[in-house]
Amino acid sequence: MVRVGFHNSHEQVHPSALLAATQLAEQRGFDAAMCSDHWAPWQSTQGHSGFAWTWLGSALATTSLPFGVVNAPGQRYHPAIIAQAAATLAAMYPGRFWVALGSGENMNEHITGDGWLPKPVRDARLVECVEIIRALLDGEEVTHDGLVKVDRAKLWTLPDVKPLLIGPAVSVATARNHARWADGLVTVNQPQDKLRQVVDAYRDAGGRGEIALQVHVSFATTDADALRLAREQWAGNAIGPPVAWDLDTPEAFDQIADKVSDDLLRGSVLVEHDPQRLADRLVELAEIGFDAVYLHQIATDVVPSDDKHPDAADTATQPSSSLEAFIDMAAEHVLPALKEAHA
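Its first residue numbered 2, the sequence shown is counted upward by one per residue in our numbering.
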């Protein structure tokens with residue numbers, strides 16, 4: 002049976018509204034949740050970027066769902082800090098937390114002022130970070146001198162159940178490489194043949210654990226509205242790697258958004274207005290071989306900041322109307338279908 006999760010996009014929604022949406026998702030029958038960890042939104046139209054690790058403490062404390070976060074250690078985050086953060090959440094909420102460790106995007110990492118490294122070097126740095134984090138979670142004292150440096154680090158609060166270290170992958174090569182170290186794999190929706198290749202590459206290379214899929218969805222009452230909202234919120238993201246790895250600001254993504262065709266956008270996002278057809282499309286994806294599917298509704302209201310709207314603080318404590326409507330629709334039409342699917 003496929004587990005169905007709710008993805009929280011910190012780039013698009015005020016963190017309080019995301020928390021309310023996740024609480025509602027649990028009430029409506031979602032099995033799990035995850036969130037992004039970004040310094041800046043992908044596009045200026047998205048308008049937010051809350052700090053994931055602060056938010057995760059509140060989310061874990063106010064729901065009973067398991068949670069995950071996608072993170073890039075090595076530049077913006079020292080791996081020892083990620084190990085400590087993950088260990089503390091896992092100690093407080095045993096068996097409910099995982100972290101997916103990737104090589105990062107320039108948009109988030111450039112803020113340190115360090116140069117943006119080539120992908121092979123970033124991949125090598127990631128492997129070092131994973132080894133450091135695992136050793137710290139095992140209670141070892143770590144000193145390391147490589148692409149990252151660690152001096153006599155030791156975690157003093159260790160969890161009884163260590164958090165899973167998941168490999169995030171879009172490409173076949175990355176999925177294959179992650180099989181060497183990951184406790185599981187998470188990827189994003191793309192053409193079905195490519196998803197099959199990603200799943201097969203991970204399994205054929207000996208990859209263990211569960212494989213999860215995060216699906217970007219733009220659901221609205223009409224196809225035209227769904228496509229319009231997808232373009233407004235996600236066109237820059239649809240360009241994909243390697244370009245998306247290297248752009249450094251939301252404004253840079255804004256500049257390429259107009260160049261994204263409708264076909265390319267629909268290939269990156271499930272643009273849909275019919276609940277049953279959306280459910281059928283998601284089941285097709287799940288049955289490629291995914292143990293969990295996380296739904297990301299990108300067609301969401303943007304909660305105004307306090308300086309633009311006098312009632313923003315009150316508004317932010319509620320899920321956006323689009324998220325609430327999507328959760329209700331998914332509970333009625335999507336969750337029952339997905340939970341009967343077989344990976």
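Note that the Cβ used here is the ideal one computed from N, Cα and C, for glycine as well.
Item to complete: Determine the direct distance from the alpha carbon of Thr223 to that of Ile83, and round the result to whole angstroms.
Response: Residue 83 sits at position 82 when you count from the first residue of the sequence shown. Residue 223 sits at position 222 when you count from the first residue of the sequence shown. If I take the Cα positions, the gap works out to 42 Å.
Practice prompt. Would you kindly work out how many angstroms separate the C-alpha atoms of Leu25 and Ala332, rounded to a whole number?
Written response: Locating residue 25 in the sequence shown gives position 24, where the first residue counts as 1. Locating residue 332 in the sequence shown gives position 331, where the first residue counts as 1. Roughly 10 Å separates the two Cα atoms.
Worksheet entry | Buried versus exposed call for Ala180 [16 or more other C-beta atoms within 10 Å across all chains shown] | Here residue 180 is taken as the residue at index 179 of the sequence shown, counted from 1. Buried: at least 16 other Cβ atoms inside 10 Å.
Discussion item. Quick check: Val173 and Ala202, are their CB atoms within less than 8 Å of each other?
Written reply: By one-based count along the sequence shown, residue 173 stands at place 172. By one-based count along the sequence shown, residue 202 stands at place 201. Yes, these two residues count as a Cβ contact at 8 Å.
Practice prompt. Consult DSSP for Met2 and reduce its assignment to one of helix, strand or coil.
Written response: Along the sequence shown, one-based indexing puts residue 2 at 1. It is coil, neither helix nor strand.
Discussion item. Let's see if you can read the secondary structure: which residues bound the alpha helix (DSSP H) around Asn190?
Written reply: Within the sequence shown, numbered from 1, the residue matching residue 190 stands at position 189. Taken as a continuous stretch (DSSP letters only), Asn190 belongs to no alpha helix (DSSP H), as it is neither H nor E.
Worksheet entry | Sub-8 Å separation of Val294 and Leu214 beta-carbons | Looking up residue 294 in the sequence shown gives position 293. Looking up residue 214 in the sequence shown gives position 213. Cβ atoms of Val294 and Leu214: closer than 8 Å.
Worksheet item: Do you know whose CA, among Pro42, Leu286 and Ala92, lies nearest Thr158's CA?
Response: The residue labelled residue 158 in the question sits at position 157 within the sequence shown. Comparing Cα-Cα distances from Thr158 to each of Pro42, Leu286 and Ala92, the minimum goes to Ala92.
Worksheet item: Do you know how far the Cα of Thr144 is from the Cα of Glu129?
Response: Mapped onto the sequence shown, residue 129 falls at position 128. Mapped onto the sequence shown, residue 144 falls at position 143. The alpha-carbon atoms of Glu129 and Thr144 are separated by roughly 12 Å.
Discussion item. Tell me the residue span of the alpha helix (DSSP H) that contains Glu325.
Written reply: Along the sequence shown, one-based indexing puts residue 325 at 324. It spans Ser322 to Met330 - the alpha helix (DSSP H) in which Glu325 sits, taken as one unbroken run.
Discussion item. Could you compute how far the alpha carbon of Glu132 sits from the alpha carbon of Lys340?
Written reply: As a working mapping, residue 132 is identified with position 131 in the sequence shown. As a working mapping, residue 340 is identified with position 339 in the sequence shown. Between the alpha carbons of Glu132 and Lys340 lies a distance of about 35 Å.
Worksheet entry | Other residues of its chain near Ser45: CB distance less than 6 Å, five sequence neighbours each side excluded | As a working note, residue 45 is residue 44 in the sequence shown. Closer than 6 Å at the Cβ level, and outside the excluded window around Ser45, lie Pro251 and Asp255.
Discussion item. Buried or exposed, going by whether 16 or more other CB atoms sit within 10 Å of the CB of Gly147?
Written reply: Indexing the sequence shown from 1 puts residue 147 at position 146. Exposed, by the Cβ-count rule.
Worksheet item: Under three-state DSSP, which class holds Tyr78?
Response: Position 77 of the sequence shown, counted from the start, is the residue given in the question as residue 78. If DSSP states are grouped into helix, strand and coil, Tyr78 belongs with the strands.
Worksheet entry | Gly168 in three-state terms, based on DSSP | Sequence index remark: in the sequence shown, residue 168 carries index 167 (1-based). Note: Gly168 maps to strand in three-state DSSP.
Discussion item. So, with DSSP's three-state summary, where would you put Thr89?
Written reply: As a working note, residue 89 is residue 88 in the sequence shown. Reduced to three states, the DSSP call for Thr89 is helix.
Item to complete: Using a threshold of 8 Å, state whether the C-beta atoms of Ala227 and Val272 are closer than that.
Response: Translated into positions along the sequence shown, residue 227 becomes position 226. Translated into positions along the sequence shown, residue 272 becomes position 271. Yes.
Worksheet item: Do the stretch 67-77 and the stretch 104-113 meet, that is, are 3 or more Cβ pairs less than 8 Å apart?
Response: yes
Discussion item. What would DSSP say about Ile212, mapped onto helix, strand or coil?
Written reply: The count along the sequence shown starts at 1 and reaches residue 212 at position 211. If DSSP states are grouped into helix, strand and coil, Ile212 belongs with the strands.
Fill in: Whole-number beta carbon distance between His297 and Phe220, since they are thought to touch under 8 Å
On the sequence shown, position 219 is the one that residue 220 refers to. On the sequence shown, position 296 is the one that residue 297 refers to. Phe220 to His297, Cβ: 11 Å. No contact.
Fill in: Thr301 - DSSP class collapsed to helix/strand/coil
By one-based count along the sequence shown, residue 301 stands at place 300. Looking at Thr301 - three-state DSSP - the assignment turns out to be coil, as it is neither helix nor strand.
Discussion item. Give me the DSSP bridge partner(s) of Asp146.
Written reply: Looking up residue 146 in the sequence shown gives position 145. Under DSSP, Asp146 forms a beta bridge with Lys150.
Worksheet entry | Candidates Leu286, Leu165, Leu166 and Lys120, of which the one nearest Lys195 by Cα | Here residue 195 is taken as the residue at index 194 of the sequence shown, counted from 1. Among Leu286, Leu165, Leu166 and Lys120, the Cα nearest to that of Lys195 belongs to Leu286.
Worksheet item: Ile240 and Val261: beta carbons closer than 8 Å?
Response: Working through the sequence shown from its first residue, we reach residue 240 at position 239. Working through the sequence shown from its first residue, we reach residue 261 at position 260. A contact, by the Cβ cut-off of 8 Å.
Discussion item. Whole angstroms are fine: how far does the CA of Thr301 sit from the CA of Ser322?
Written reply: Position 321 of the sequence shown, counted from the first residue, corresponds to residue 322. Position 300 of the sequence shown, counted from the first residue, corresponds to residue 301. Their Cα atoms are separated by approximately 8 Å.
Practice prompt. Give the single residue among Gln193, Val244 and Gly268 whose Cα lies nearest to the Cα of Arg232.
Written response: What you label residue 232 is simply residue 231 of the sequence shown in a count that begins at 1. Measuring from the Cα of Arg232, the nearest candidate turns out to be Gly268.
Worksheet item: Any idea what DSSP makes of Glu141, helix, strand or coil?
Response: Against the sequence shown, residue 141 aligns to sequence position 140. The answer is coil: DSSP assigns Glu141 none of H, G, I, E or B.
Worksheet entry | Delimiting residues of the alpha helix (DSSP H) encompassing Phe254 | In the sequence shown, counting from the first residue as 1, residue 254 sits at position 253. Run containing Phe254: Pro251 to Ala258, per the alpha helix (DSSP H) assignment.
Practice prompt. Run through the stretch 108-137 for me and flag every whole beta strand (DSSP E) of 3 or more residues, listed as ranges in chain order.
Written response: none
Worksheet entry | DSSP-derived helix/strand/coil call for Tyr295 | Counted from its first residue, the sequence shown places residue 295 at position 294. Here Tyr295 sits in strand by DSSP.
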